[in-house]
Amino acid sequence: MDWNEFVNTFPIQLNQQQQEAVQSTEGAVLLLAVPGSGKTTVLVTRLGYMIYCRNIHPESILTVTYTVAATKDMSKRFADRFGEEMAEKLEFRTINGICAKIIQYYGRKIGKTPFELVKEEKNTTGMLVKICQEHGMGYPTESDLKNVRTMITYIKNMMLNDKEIQKLEEESDIRIRGIYQAYCSQMREKKWMDYDDQMLYAYKMLRMDSRLLEHFQNLYPYICVDEAQDTSKIQHAIIALLAAKSENLFMVGDEDQSIYGFRAAYPEALLDFEKDHPGARVLLMEENFRSNAKIVSAADKFIQKNTLRHEKHMKAAREAGADIRKISLKSRKAQYVYLMKIAQECSTETAVLYRDNECAIPLIDLLERKHIPYRMRNAELSFFTHRTVLDIQNIIRFAMNPKDTELFMQIYYRLKLFFRKEDALNYTNISKEKDIPVWDAILQYGNLEEYQQNHVRSLRRQMKKLLDMMGDKAVDQILVYMGYQDYLKKMGMNANKLEIVKMIGSREDSPEKLLERLKELERIIREKKEERECRFILSTMHASKGLEYDTVYLLDVVDGILPEKVLTSMNTASKEEIGVYEEERRLFYVGVTRAKNQLNIFATGKPSRFCNELLEKNISAESYQKLSDELGEGVIVKHRKFGKGVVTEIEGEHIRIRFGDDEKKMDLKVLARLGLLEI
1 MDWNEFVNTF PIQLNQQQQE AVQSTEGAVL LLAVPGSGKT TVLVTRLGYM
51 IYCRNIHPES ILTVTYTVAA TKDMSKRFAD RFGEEMAEKL EFRTINGICA
101 KIIQYYGRKI GKTPFELVKE EKNTTGMLVK ICQEHGMGYP TESDLKNVRT
151 MITYIKNMML NDKEIQKLEE ESDIRIRGIY QAYCSQMREK KWMDYDDQML
201 YAYKMLRMDS RLLEHFQNLY PYICVDEAQD TSKIQHAIIA LLAAKSENLF
251 MVGDEDQSIY GFRAAYPEAL LDFEKDHPGA RVLLMEENFR SNAKIVSAAD
301 KFIQKNTLRH EKHMKAAREA GADIRKISLK SRKAQYVYLM KIAQECSTET
351 AVLYRDNECA IPLIDLLERK HIPYRMRNAE LSFFTHRTVL DIQNIIRFAM
401 NPKDTELFMQ IYYRLKLFFR KEDALNYTNI SKEKDIPVWD AILQYGNLEE
451 YQQNHVRSLR RQMKKLLDMM GDKAVDQILV YMGYQDYLKK MGMNANKLEI
501 VKMIGSREDS PEKLLERLKE LERIIREKKE ERECRFILST MHASKGLEYD
551 TVYLLDVVDG ILPEKVLTSM NTASKEEIGV YEEERRLFYV GVTRAKNQLN
601 IFATGKPSRF CNELLEKNIS AESYQKLSDE LGEGVIVKHR KFGKGVVTEI
651 EGEHIRIRFG DDEKKMDLKV LARLGLLEI
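Position 115 (the sequence shown) corresponds to 115 in the UniProt record's numbering; numbering is contiguous.
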């Protein structure tokens with residue numbers, strides 16, 4: 001079957017770039033597909049082309065996708081176009097699926113039973129809790145365990161050596177090196193493996209046994225990989241081994257959409273593809289069929305500011321539609337009231353996207369109070385067991401019951417009570433023996449210096465006082481006046497999550513009611529049933545990748561949340577800092593490109609740098625270049641607002657100008673766009 005017969009037999013409409021990708025069946029090929037460019041359509045069509053036009057046996061093609069759901073979706077889409085019978089001959093697997101096959105085959109080959117795969121994290125929770133306790137974590141919360149598991153996954157997927165693990169430990173407040181070693185040791189003793197071990201063991205087997213490797217290389221002379229930007233270092237290493245013989249590797253991805261660094265996604269493999277596969281071709285799919293032209297144009301200019309990427313430009317297939325809308329509000333709280341009204345009147349598919357799950361909790365609180373329907377994707381509960389949130393709750397509980405000695409032992413060192421642990425235990429024992437509040441035990445039997453007694457009395461007064469406050473005021477009291485904020489600074493922790501607690505507390509007339517509401521919200525989110533017909537959707541940006549919505553609202557786009565940390569200069573930033581910042585930019589880019597027709601961005605207080613850059617008006621290259629060429633150190637200029645000045649330094653797109661005794665750093669693009677400078 002030739003190309004014309006193929007497209008007539010299976011009605012297919014493709015643009016030139018898509019056709020080239022479909023017809024590239026031999027050798028190493030990297031297809032860089034921008035958002036909304038139809039990559040799944042191309043992948044599925046290419047499989048059909050390989051079978052019907054190139055006479056490649058479907059059993060010899062392995063298609064690797066990121067999730068089990070994606071394997072099922074791709075198989076269904078292939079079956080819908082080319083028939084169920086042919087779809088059953090193809091192999092769609094996750095990387096863990098192919099690793100399981102390798103391990104089972106190797107086990108049969110050597111006559112040994114593989115380790116048991118632990119499919120549920122809850123089966124290792126008890127073991128991990130004990131390990132964490134043995135390494136100085138006290139009793140770890142769900143949030144703590146999640147962080148530890150994430151770090152273990154990162155270590156395995158990034159194939160870190162002992163020195164690199166030590167560096168990771170130094171950058172965190174968790175003794176991860178010892179925890180990791182104990183976890184791996186105990187897993188081996190129990191003859192268990194987790195999903196990350198499954199990949200490490202398969203990789204080791206392929207490296208050790210050349211016949212095993214050759215078997216799978218011969219079994220799959222053609223390999224297709226979807227969502228390659230989300231693939232980890234160990235996954236890329238396994239794929240490279242399997243493809244090394246034939247080099248018929250078709251990898252589809254977009255480093256501009258790589259947003260899973262915390263899970264060890266390794267977009268560097270896309271940037272190094274031509275180096276790792278000599279003679280490889282890089283193809284582009286740059287036409288976005290999803291979003292209106294204004295969204296596409298703004299998003300493309302925005303992502304161009306990243307440096308760790310291939311050169312490509314997203315182009316719009318659709319005409320210009322509604323402008324991107326910046327919604328300026330005075331506070332974060334105002335966003336939720338605004339969105340509540342949108343939810344009440346929602347008639348088209350509308351998604352509220354945000355960086356972290358916790359950003360949506362005050363909105364969920366409000367929607368639940370007003371009985372307004374909403375659909376929530378990827379519910380996550382670690383916020384409620386985060387150390388800072390639990391500390392605030394424990395301090396309130398102790399204020400309600402100052403005889404609770406267990407609570408006192410959990411909070412005393414967070415409130416500037418610099419007791420030794422043995423002294424604190426002594427006070428709690430006296431409290432129990434005498435049946436008196438812990439404060440009274442300290443003051444009556446503590447033999448304290450006068451300043452220490454004054455501090456204890458002050459804390460006792462403040463705890464009584466906070467019980468009569470609104471929920472948010474009580475949190476402020478704990479943070480500012482009771483010393484908890486100083487404790488957070490000392491521990492290198494931020495109070496971002498407590499802003500969420502305060503917003504919920506602002507709707508409760510006492511701290512006791514705040515505790516009840518937090519517990520109720522945790523239950524609501526845990527038990528929330530998906531309302532598939534509801535058009536008002538809440539989702540993290542991570543969970544929205546690959547999806548699209550008619551209307552999108554981007555929540556909490558403020559410096560300190562998105563991006564979490566702003567780089568002041570790319571020239572002085574470290575490689576790691578640049579990598580983190582560029583992933584933040586990619587996350588925002590993914591959120592922006594989910595919108596089909598209308599994109600709305602909340603600007604509360606001072607707008608995020610990302611928001612400003614996205615909405616930056618175009619300036620002609622000529623006017624910008626003209627201004628750049630005419631400027632130089634020592635040149636006298638006239639600013640529309642600040643008057644005459646002298647250029648002292650030009651650094652990239654920024655310029656320093658001295659106006660009298662005052663020196664200002666300015667953006668050349670802004671100066672050019674607004675015509676603020678005369679020479």
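Think of the CB as a built atom: it goes at the ideal place given N, C-alpha and C, for glycine as much as any other residue.
Note that the structure is predicted; figures quoted are calculated from it, not measured.
How many Å lie between Asp556 and Gly36 at the Cα?
In the sequence shown, counting from the first residue as 1, residue 556 sits at position 556. In the sequence shown, counting from the first residue as 1, residue 36 sits at position 36. Cα atoms of Asp556 and Gly36: separation of roughly 24 Å, rounded to the nearest angstrom.
With a CB to CB cut of under 7 Å and the five nearest residues on each side skipped, what residues in its chain are close to Ala87?
As a first step, residue 87 must be located in the sequence shown, where it is residue number 87. The residues are Ser75, Phe78 and Ala79.
So Ser539 is in the alpha helix (DSSP H); what residue range does that whole segment cover?
Taking the sequence shown and counting its residues from 1, the one referred to as residue 539 is at position 539. Note, Ser539: premise wrong, no alpha helix (DSSP H); beta strand (DSSP E) at Phe536 to Thr540.
Give a yes or no on whether the C-beta atoms belonging to Leu31 and Phe250 are separated by under 8 Å.
By one-based count along the sequence shown, residue 31 stands at place 31. By one-based count along the sequence shown, residue 250 stands at place 250. In contact: Leu31 and Phe250 (Cβ atoms closer than 8 Å).
Helix, strand or coil for Asp173? Go by DSSP, reduced to three states.
Position 173 of the sequence shown, counted from the start, is the residue given in the question as residue 173. Shown here, Asp173 sits in coil according to DSSP, grouped into three states, outside any helix or strand.
Mind checking who Lys665 pairs with in its DSSP beta bridge?
By one-based count along the sequence shown, residue 665 stands at place 665. Arg656, per the DSSP bridge assignment.
Uninterrupted alpha helix (DSSP H) stretches inside the region 541-606 (no shorter than 4 residues):
Within the region 541-606, the complete alpha helix (DSSP H) runs of at least 4 residues are 541-544 and 575-592.
Is the beta carbon of Ala474 closer than 8 Å to that of Pro511?
Against the sequence shown, residue 511 aligns to sequence position 511. Against the sequence shown, residue 474 aligns to sequence position 474. Yes, these two residues count as a Cβ contact at 8 Å.
Quick check on Asp230: buried or exposed, where buried means 16 or more other Cβ atoms within 10 Å of its Cβ?
Stepping through the sequence shown from its first residue, residue 230 is reached at position 230. It counts as buried.
The region 294-305 / the region 605-616 touching (three or more Cβ pairs under 8 Å)
Under the three-pair Cβ rule at 8 Å, the region 294-305 counts as touching the region 605-616.
On the DSSP bridge assignment, give the partners of Phe92 in chain order.
For the purposes of this step, residue 92 is taken as the residue at position 92 of the sequence shown. Note: Phe92 sits in a beta bridge opposite Thr63.
From Lys416, Asp435 and Tyr412, pick the residue whose C-alpha is nearest to that of Ala424; which is it?
Locating residue 424 in the sequence shown gives position 424, counting from the first residue. Selected option, being the one with the closest Cα: Tyr412.
Taking only the alpha-carbon atoms, compute the straight-line gap between Gly605 and Gly83 and give it to the nearest angstrom.
Working through the sequence shown from its first residue, we reach residue 605 at position 605. Working through the sequence shown from its first residue, we reach residue 83 at position 83. If you take the alpha carbons of Gly605 and Gly83, they lie about 55 Å apart.
How big is the Cα-Cα spacing for Met50 and Leu43?
As a working mapping, residue 50 is identified with position 50 in the sequence shown. As a working mapping, residue 43 is identified with position 43 in the sequence shown. Whole-angstrom Cα-Cα distance: 11 Å.
With distances taken Cα to Cα, identify the nearest neighbour of Ser172 among Leu407, Thr41 and Gly492.
As a first step, residue 172 must be located in the sequence shown, where it is residue number 172. When the alpha-carbon of Ser172 is set against those of Leu407, Thr41 and Gly492, the nearest one is in Gly492.
Sheet register partners of Cys224 (DSSP bridge)
Translated into positions along the sequence shown, residue 224 becomes position 224. Thr63 and Phe250, per the DSSP bridge assignment.
Sequence-distant residues of the same chain with beta carbon closer than 8 Å to Phe273, five excluded per side:
Taking the sequence shown and counting its residues from 1, the one referred to as residue 273 is at position 273. Excluding residues within five positions, the ones whose Cβ falls inside 8 Å are Ala28, Leu30, Met251, Ala280 and Val282.
Which residues does DSSP list as the beta-bridge partners of Ile392?
Position 392 of the sequence shown holds residue 392. In the DSSP output, where bridge partners are listed per residue, Ile392 has none listed.
Would you mind reading off the limits of the alpha helix (DSSP H) that contains Lys333?
Mapped onto the sequence shown, residue 333 falls at position 333. Arg332 to Gln344 is the extent of the alpha helix (DSSP H) around Lys333.
Which parts of the region 433-493 are runs of the alpha helix (DSSP H), unbroken and 4 residues or longer, counting only runs that do not cross its ends?
If only uninterrupted alpha helix (DSSP H) runs of at least 4 residues are considered, those enclosed by the region 433-493 are 438-445, 450-466, 471-476 and 484-491.
Tell me whether Arg387 sits in a helix, a strand or coil according to DSSP, three-state version.
In the sequence shown, counting from the first residue as 1, residue 387 sits at position 387. The answer is helix: DSSP assigns Arg387 an H, G or I state.
Checking 8 Å against the spacing of the C-beta atoms, do Leu329 and Phe602 come in under that value?
Reading the sequence shown from its first residue, position 329 is the one you call residue 329. Reading the sequence shown from its first residue, position 602 is the one you call residue 602. In this structure, the beta-carbon distance from Leu329 to Phe602 falls below 8 Å.
My understanding is that Thr540 touches Arg355, with C-beta atoms under 8 Å, so please give their C-beta distance in whole angstroms.
As a first step, residue 540 is located in the sequence shown; it is residue number 540 there, counting from the start. As a first step, residue 355 is located in the sequence shown; it is residue number 355 there, counting from the start. That pair is a contact at about 7 Å.
Quick check on Lys497: buried or exposed, where buried means 16 or more other Cβ atoms within 10 Å of its Cβ?
Counting from one through the sequence shown, the residue named residue 497 turns up at place 497. Classification for Lys497: buried.
Spatially closest choice to Met314 from Phe302, Arg325, Thr307 and Ile324, by CA coordinates
Mapped onto the sequence shown, residue 314 falls at position 314. When each option's Cα is compared against that of Met314, the closest is Phe302.
Could you tell me the alpha carbon to alpha carbon distance between Thr551 and Arg332, rounded to whole angstroms?
Translated into positions along the sequence shown, residue 551 becomes position 551. Translated into positions along the sequence shown, residue 332 becomes position 332. Rounded to the nearest angstrom, the two C-alpha atoms are 20 Å apart.
Find out if the Cβ-Cβ distance for the pair Ser628, Leu668 is shorter than 8 Å.
Position 628 of the sequence shown, counted from the first residue, corresponds to residue 628. Position 668 of the sequence shown, counted from the first residue, corresponds to residue 668. Between Ser628 and Leu668, the C-beta gap is smaller than 8 Å, which places the two residues in contact.
Exposed unless 16 or more other CB atoms sit within 10 angstroms - verdict on Leu467:
One-based indexing of the sequence shown puts residue 467 at position 467. Classification of Leu467: exposed, given that the 10 Å Cβ count is below 16.
Does the CB of Asp256 have a neighbour CB from chain C at under 8 Å?
No chain C appears in the structure shown, which is made up of a single protein chain.
Completely contained beta strand (DSSP E) runs for the region 24-54, where each covers 3 or more residues
The region 24-54 contains these whole beta strand (DSSP E) runs: 29-33.
Under 8 Å Cβ to Cβ from Val337, same chain only, skipping five residues before and after it: list those, please.
Looking up residue 337 in the sequence shown gives position 337. Hits under 8 Å: Leu366.
Note down the Cα distance separating Phe642 from Leu676, rounded to an integer number of angstroms.
Working through the sequence shown from its first residue, we reach residue 642 at position 642. Working through the sequence shown from its first residue, we reach residue 676 at position 676. Cα to Cα, the separation comes out at about 10 Å.
Could you give the first and the last residue of the continuous beta strand (DSSP E) run that contains Val635?
As a working note, residue 635 is residue 635 in the sequence shown. Boundaries for Val635: no beta strand (DSSP E) harbours it, and the DSSP string shows neither H nor E there.
Considering only C-alpha positions, which residue in the set Ile396, Glu449, Gln235 and Ile165 is nearest to Val501?
Walking along the sequence shown from the start, residue 501 turns up at place 501. The candidate whose alpha carbon is nearest that of Val501 is Ile396.
Reduced DSSP category for Lys118 - H, G, I as helix; E, B as strand; rest coil:
Numbered from its first residue, the sequence shown carries residue 118 at position 118. According to the sequence displayed, residue 118 carries Val and not Lys. Val118 carries a coil assignment under DSSP once its states are collapsed to helix, strand and coil.
In chain order, what residues of the same chain lie with their CB nearer than 7 Å to the CB of Ile525, ignoring the 5 residues before and after it?
Working through the sequence shown from its first residue, we reach residue 525 at position 525. Here the set comprises Ile364, Ala379 and Leu381.
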